[in-house]
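Peer 1: Could you have a look at this structure, given as structure tokens, before my questions?
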Amino acid sequence: MVVAPAHPVMTEPKFESQVALPLQHGDEDDAALHDAPPRQSSDSFDQEGSRPRDKIQRRLAQNREAARKSRLRKKAYIQNLETSRMKLAQLEQEITRARQKGVYISSNSPPSLPAPIDSGVATFELKYAHWVEEQNSQTRELRAALQAGASELQLKILVEAGLEHYEELFRAKSEAAKRDVFFVMSGVWRTAAERFFLWIAGFRPSEVIKVLAPQLEAMTEEQVAKVQGLQQKARHLEDALSQGMDKLKQTLADSMLAEAVASTSSGDDNAASPHDPSSADGGGGGYMAQMGSAMGRLNGLVAFVDHADHLRLGTLQNMHRILTPRQAAQGLLALGDYCQRLRALSSLWAARPREPA
């Protein structure tokens with residue numbers, strides 16, 4: 001008989017293949033690092049930070065390119081001006097030779113007006129022709145920039161270039177007025193439609209504001225109030241200049257009429273006659289004194305031209321200060337288009353079909 005052992009038989013313990021063991025402090029840190037999402041490298045932060053810098057660099061490059069094009073246009077303008085001066089010198093020589101032969105050479109001016117043979121006046125005509133070409137170029141550039149959504153800095157550069165272009169015209173006009181103020185005041189250097197709206201050798205500032213305002217983007221209440229105030233101020237100054245011009249005309253007419261009446265009533269047979277050039281040195285110099293007095297009063301016309309141009313430029317500059325760069329660009333574009341339409345209207349009118357006489 002087999003007797004069972006007194007104590008139970010020990011069997012080999014079985015272990016599960018995977019046992020969840022408590023993690024030590026160091027193991028927790030390792031697991032946290034293992035489970036955490038990957039961190040962004042410093043390079044990615046540098047890339048994100050460089051994006052604004054790249055945008056600024058692109059804008060600066062665009063501005064430099066716009067400035068470069070502006071310099072090239074100005075250089076071409078100066079070169080054209082030098083070429084025109086050479087042509088003018090040749091024209092003056094031809095006029096001198098024709099005068100010596102007793103031949104009168106007319107220019108492109110209307111038949112009722114004498115040909116401008118003063119070199120300063122002729123130079124101004126050439127300058128104005130080049131000025132119009134440059135204005136057309138700037139107008140096209142403004143339109144392209146607005147359509148392309150150019151930055152405010154780019155638009156500001158273009159607007160300032162346009163204002164400087166108008167200032168150049170006013171400087172050239174002032175020099176021409178000192179040479180022949182009647183030529184500048186008559187506006188024969190402009191087209192027929194432009195002359196129809198002429199006010200003291202240029203445009204009325206208040207009318208320009210009236211034309212430009214509807215072409216601008218929606219303005220704030222503050223902008224509207226400032227523009228209206230600017231327009232009202234321009235009208236007051238225009239009225240003052242117009243009244244001054246009327247007073248000058250009346251004073252000149254009264255002076256010449258008084259001299260003529262005095263000469264006639266005196267019964268002096270030796271009095272100078274405007275129809276007899278040989279009498280200019282006779283009659284005690286009364287006729288020449290009368291003409292000298294009139295000439296002195298006419299010098300005031302140059303000041304009126306300068307004051308009117310100063311008002312025109314000041315109005316454009318104040319509009320630029322009131323408006324945003326985009327609004328100012330829109331206004332300058334509208335002004336350029338307006339001038340182009342007037343010139344086109346003149347061309348169409350000149351080319352209209354006419355009935356045979």
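In UniProt numbering, the protein residues as written are 1 to 357. The beta carbon of each residue, even a glycine, is placed where N, CA and C say it ideally should be.
How long is the line joining the alpha carbons of residue 73 and residue 325, rounded to whole angstroms?
Peer 2: The alpha-carbon atoms of residue 73 and residue 325 are separated by roughly 22 angstroms.
Peer 1: Would you kindly check if the distance between the Cβ of residue 252 and the Cβ of residue 297 is under 7 angstroms?
Peer 2: yes
Peer 1: Kindly confirm or deny that the stretch 170–186 and the stretch 316–335 touch, where touching means at least three C-beta pairs closer than 8 angstroms.
Peer 2: In this structure the stretch 170–186 does not touch the stretch 316–335; the number of beta carbon pairs closer than 8 angstroms is below three.
Peer 1: Go ahead and label residue 339 buried or exposed: buried means 16 or more other beta carbons lie within 10 angstroms of its beta carbon, across all protein chains shown.
Peer 2: buried
Peer 1: Of the choices 215, 158, 247, 238, whose alpha-carbon is the least far from that of residue 307?
Peer 2: Nearest option by C-alpha distance: 238.
Peer 1: Exposed or buried, which one is residue 228 when buried takes at least 16 other CB atoms within 10 Å?
Peer 2: exposed
Peer 1: How do the stretch 135–144 and the stretch 327–337 stand: do at least 3 beta-carbon pairs fall below 8 angstroms, yes or no?
Peer 2: yes
Peer 1: On the criterion of 16 or more Cβ atoms from any shown chain inside 10 Å, does residue 319 qualify as buried, or is it exposed?
Peer 2: buried
Peer 1: Taking all protein chains shown into account, decide if residue 347 is buried (16 or more other Cβ within 10 angstroms of its Cβ) or exposed.
Peer 2: exposed
Peer 1: For the ligand ZN, is there a heavy atom less than 6 angstroms away from the beta-carbon of residue 215?
Peer 2: The ligand content of the structure shown is nil, which means the ligand ZN is not present either.
Peer 1: Ignoring anything shorter than 4 residues or poking outside the stretch 282–325, list the alpha helix (DSSP H) runs there in chain order.
Peer 2: For the stretch 282–325, whole alpha helix (DSSP H) runs of length 4 or above, ordered along the chain, are 286–298, 300–322.
Peer 1: Once the 5 residues before and after residue 244 are set aside, which same chain residues still bring their CB inside 8 angstroms of it?
Peer 2: 304
Peer 1: Just list the alpha helix (DSSP H) runs in the stretch 200–262, keeping only unbroken ones of 4 residues or longer that don't cross its boundaries, in chain order.
Peer 2: 205–212
Peer 1: For residue 153, count neighbouring C-beta atoms within 10 Å of its own C-beta (all shown protein chains included) and say buried if the count is 16 or more, exposed if not.
Peer 2: Classification of residue 153: exposed, given that the 10 Å Cβ count is below 16.
Peer 1: I need the straight-line Cα distance from residue 55 to residue 155, nearest angstrom please.
Peer 2: Between the alpha carbons of residue 55 and residue 155 lies a distance of about 17 angstroms.
Peer 1: Do residue 121 and residue 183 have their C-beta atoms closer together than 7 angstroms?
Peer 2: yes
Peer 1: Among the candidates 345, 351, 356, 331, whose CA atom is the shortest distance from the CA of residue 139?
Peer 2: 331
Peer 1: Going by C-alpha distance, which of 59, 241, 166, 209 is nearest residue 361?
Peer 2: The question about residue 361 has no answer here: the residues shown for the chain are numbered 1 through 357.
Peer 1: With a CB to CB cut of under 6 angstroms and the five nearest residues on each side skipped, what residues in its chain are close to residue 191?
Peer 2: 343, 346
Peer 1: Please identify the residue among 242, 175, 150, 215 whose C-alpha is closest to the C-alpha of residue 198.
Peer 2: The shortest Cα separation from residue 198 among 242, 175, 150, 215 belongs to 242.
Peer 1: Does the distance from the CB of residue 158 to the CB of residue 316 come in under 7 angstroms?
Peer 2: no
Peer 1: For residue 235, which of 67, 130, 311 has the nearest alpha-carbon?
Peer 2: 311
Peer 1: For the alpha helix (DSSP H) containing residue 153, list its first residue and its last residue.
Peer 2: 152–179
Peer 1: Tell me which residues share the same chain as residue 395 and place their Cβ nearer than 8 angstroms to its Cβ, disregarding the 5 neighbours each side in the sequence.
Peer 2: Residue 395 cannot be examined here, being either before or after the span of the chain that is shown, 1 to 357.
Peer 1: If residue 256 sits next to residue 294, beta carbons under 8 angstroms apart, how far is it from one beta carbon to the other, in whole angstroms?
Peer 2: 6 angstroms
Peer 1: According to the Cβ coordinates, are residue 127 and residue 172 closer than 7 angstroms?
Peer 2: Going by C-beta atoms, residue 127 is nearer than 7 angstroms to residue 172.
Peer 1: Give a yes or no on whether the C-beta atoms belonging to residue 167 and residue 313 are separated by under 7 angstroms.
Peer 2: yes
Peer 1: Applying the criterion that 16 or more other CB atoms from any shown protein chain within 10 Å of the CB defines a buried residue, is residue 60 buried or exposed?
Peer 2: exposed
Peer 1: I'd like to check one pair, residue 230 with residue 300: are the Cβ atoms closer than 7 angstroms?
Peer 2: At a Cβ-Cβ threshold of 7 angstroms, residue 300 and residue 230 do not count as neighbours.
Peer 1: Short check: CB of residue 124 to CB of residue 309, under 7 angstroms?
Peer 2: One thing to note: residue 124 has its Cβ no nearer than 7 angstroms to the Cβ of residue 309.
Peer 1: Mind checking which residues open and close the alpha helix (DSSP H) that includes residue 194?
Peer 2: 192–196
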